[in-house]
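A short write-up of the structure that comes next.
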Amino acid sequence: MNAKKVDKIANVVIYTIVALVVILLLAILGYILFNGVPDISWHFLTSAAQSFSSGGGIRDQLFNSLYLLVLTIIVSLPIGLGAGIYLSEYASDNWFTDLIRTSVEVLSSLPSVVVGLFGYLLFVIKLNLGFSILSGAIALTFFNLPLLTRNIEESLRGVPNLQREAGMSLGLSNWKTTTKIVLPAALPGILTGLILSAGRIFGEAAALIYTAGQSAPTVDYGNWNIFSSTSFLNPMRPAETLAVHIWKVNTESVTPDAHLISSASSAVLIIVILIFNLGARFLGNKLYKKITATK
Amino acid sequence: MKEYNLDDSYITDITEESALSTKDIQVFYGDNHAIFDANLVFPRFKITSLIGASGSGKSTFLRCLNRMNDKIAKVDGKILYRNVDINAPKTNVYEVRKHIGMVFQRPNPFAKSIRDNITFALKNNGVKDKEELNQRLETSLKEAALWDEVKDNLDKSALALSGGQQQRLCIARSIAMRPDILLLDEPASALDPISTSKIEETLKKLSEQYTIIIVTHNLQQASRISDYTAFFHLGHIVEYNKTVKVFTNPKMKATDDYVSGNFG
Ligand SMILES: Nc1ncnc2c1ncn2[C@@H]1O[C@H](COP(=O)(O)OP(=O)(O)OP(=O)(O)O)[C@@H](O)[C@H]1O
Ligand SMILES: [Mg+2]
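Going down the list, the protein sequences come from chains A and B.
Okay, so the first sequence: first residue is 1 according to full-length UniProt numbering, each after it adds one.
Okay, so the second sequence: first residue is 1 according to full-length UniProt numbering, each after it adds one.
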């Protein structure tokens, strides 16, 4: 066979595989959206879930998911930044940093249900935090941290070394060079990674079932006192998220419209994650253009 | 490659005031001995070129002079600046680098505006006064012969400038710190002839106020702009003399071969 022919066959094979993957993904997405979107209504988004009768909504679950997401990012971003900066800017290559990197990798491949059970035993039971948003946020931090750290480290490493040398040659300290020169240049990548990880957090269920719990007690959205047990902001209350709600409605719900609720909830979940993803691209590009001044 | 006796060298005595001098500098990258017994005196307000084949150790030597080799290589010996050994372990390297600035082979402006590129390090060194910052911005851009081209776009990103402009911006950024000495590692090697000649003019003018040490592969450039020239070969300084002498009447066989193109 001549080179041209081989190329042609390879092309056909590759395109077929790509087409298969795209069709499969579009089919799943399309199925979920097609089944769910018609049932999404303002009423559905803003009313509480019903246990026995039909017509329930997902107000609390949606809020819980967002709240948990915010808390998780507040907890994991500083840790991820610290670890990423250490690994990329300060650590020298030795057995210790190898150990850290390996641990991060192992942690990132841990099944989320294992993270959830670990969180259950340690935070919910041992530390007495109970089924709570806080326990959930900590479990999600464990779940999120490895990839976030990795992403931050890679983004920082992507900044050319010449930038660091420029900072050094002006008599700036290592810390100043890192925070004021390298970090801003790495920001678009870090932001994109952060938003993508937000998508994963938002869709996570297994790690939350035994940590944030499976119930959504009625809360008062006018009560801003974080310490009050009826406040929507109270981090010590149990909080069923959207993804957990979908799982629960599908497994044990007795409401007559369970199927409708799970379809519509899935569609909402997918739409939110799509918004995160597109937003990540948009913001990342915009920031990159702003920083490099390419139009 | 031809064999030369590396223990033989011709280093001229400098009678002018010294801005910086090195004593028995040795550099090791792990087991690789990259610089052997470098003894040079750099006269004040002069341009000194470092020439030599690729891998001869020019960059390595240059980077020792403002401690940019810390953490990369082991540097033994003394570097005397204002009668202080700045290669001593307890030296404040940040302070050293404020006095001895550096410009690199590839332009490396920060991903910031032109203005911030110049003022960023100044602000971090406690220059807070707006008047003074603007003043320094303007003078250093003028000294680097860039002012006229950018004065209307000071808040534009530096990355939008051409390579030659970026390199002059990097020179301006260095001199905004008002260093004594400016080290340049092949600052024009990535640039077109016009940008190159602009940079050469700039350096010529700067040498009235600064001591300049420049690595270059371009022998014409070295002979055009520099007062003194040091020739490096395999980590040894083979010859150091007035530039005219190095190019027209070299004392060492290796230098002769190198400047006349019969090397290697
Ligand atoms: N970061 C480094 N790590 C290890 N060895 C290095 C490093 N930088 C340079 N060397 C070695 O030191 C020697 C001198 O290199 P150097 O870069 O100083 O040469 P140079 O004269 O600047 O060459 P060029 O003209 O190509 O820039 C070479 O043998 C090189 O392999
Ligand atoms: Mg070099």
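Glycine is no exception: its CB is placed at the ideal position from the N, C-alpha and C atoms.
None of the values given here were measured: they were computed from a predicted structure.
Spatial neighbours of residue i within its chain, please: CB distance less than 6 Å, with the 5 preceding and 5 following residues excluded, ordered by chain position.
i      : result
P146/A : V104, L107, S108
N151/A : G193
A205/A : A243, V244, W247
K74/B  : F28
D180/B : H99
P43/B  : I14, E16
F227/A : none
T196/B : A188
A254/B : Y4, H233, V238
Please state if the CB of residue j and the CB of residue i are separated by a distance shorter than 8 Å.
i      : j      : result
R224/B : E208/B : no
C170/B : V103/B : yes
A186/A : S155/A : yes
M252/B : S9/B   : yes
G56/A  : A48/A  : yes
L137/B : R168/B : no
M68/B  : E165/A : yes
N87/B  : G77/B  : yes
A121/B : L172/A : yes
T211/A : I85/A  : no
L206/B : A172/B : no
L33/A  : I270/A : yes
L71/A  : P235/A : yes
L40/B  : Y240/B : yes
T255/A : S51/A  : yes
G279/A : I195/A : yes
A38/B  : T22/B  : yes
G164/B : D192/B : yes
V75/A  : A139/A : no
P188/A : I291/A : yes
S135/A : G119/A : yes
Bridge partners of residue i, per DSSP?
i      : result
Q163/A : DSSP, once it has assigned bridges, lists no residue as partnering Q163/A.
P43/B  : S18/B
T229/B : S49/B, N241/B
N32/B  : Y29/B
L80/B  : S21/B, D85/B
K74/B  : F28/B
Y10/B  : E239/B
I213/B : T48/B, L183/B
V18/A  : Answer is none; V18/A lacks a bridge partner.
M102/B : L183/B
A38/B  : I25/B
S113/B : S157/B
Assuming residue i contacts residue j (C-beta within less than 8 Å), just tell me the rounded distance between them.
i      : j      : result
L20/B  : G101/B : Not a contact, Cβ separation roughly 12 Å.
A207/A : A239/A : That pair is no contact at about 13 Å.
F61/B  : H236/B : About 11 Å; that fails the 8 Å criterion.
So, for residue i: in the same chain, excluding its five sequence neighbours on each side, which residues have a beta-carbon less than 8 Å away from its beta-carbon?
i      : result
K295/A : Its pLDDT being 47, under 50, K295/A is placed unreliably by the model, and the measurement read from it follows with that caveat. Same-chain partners within the cutoff: K289.
T243/B : S49, A222, S223, S226, D227, Y228, T229
S113/B : L154, D155, K156, S157, A158
N28/A  : Before going on, a small fix: residue 28/A reads as Ile here, not Asn. Nothing listed; no residue qualifies.
I175/B : G101, S140, E143, A144, L182, L206, Y210
L133/B : T119, L122, K123, V127
N250/A : A258, S262
L62/A  : L45, L242, V268
Within its chain, find whatever has a CB closer than 7 Å to the CB of residue i; leave out the 5 residues flanking it on each side and keep chain order.
i      : result
G52/B  : K58, F231, F232, H233
Q163/A : I181, V182, A185
Q214/A : E240, V244, K248
H43/A  : G57
F143/A : S112, V115, E204, A207
M168/A : T177
P89/B  : none
D85/B  : K78, I79
G55/B  : none
N117/B : P109, F110, A158, L169, R173
A91/A  : T97
P250/B : E239, D256, V259
Checking contacts by CB at 8 Å: is residue i closer than that to chain D?
i      : result
G189/A : No chain D appears in this structure, whose protein chains are A and B.
Enumerated in chain order, which unbroken segments of the alpha helix (DSSP H) with a length of 4 residues or greater are wholly contained in the segment 137 to 193 of chain B?
Listed in chain order, the complete alpha helix (DSSP H) runs (minimum 4 residues) inside the segment 137 to 193 of chain B are 147 to 150, 163 to 176.
Counting only runs of 4+ residues fully inside the segment 200 to 284 of chain A, write out the alpha helix (DSSP H) ranges in chain order.
Taking only runs of at least 4 residues, the alpha helix (DSSP H) segments lying wholly in the segment 200 to 284 of chain A are 206 to 209, 242 to 252.
4 or more residues per run - each alpha helix (DSSP H) lying fully within the segment 93 to 158 of chain A
If one requires a minimum length of 4 residues, the alpha helix (DSSP H) runs lying completely within the segment 93 to 158 of chain A are 95 to 108, 112 to 119, 133 to 157, in chain order.
Beta strand (DSSP E) runs contained entirely in the segment 15 to 99 of chain A, provided each spans 3 or more residues
DSSP assignment within the segment 15 to 99 of chain A yields no whole beta strand (DSSP E) run of 3 residues or more.
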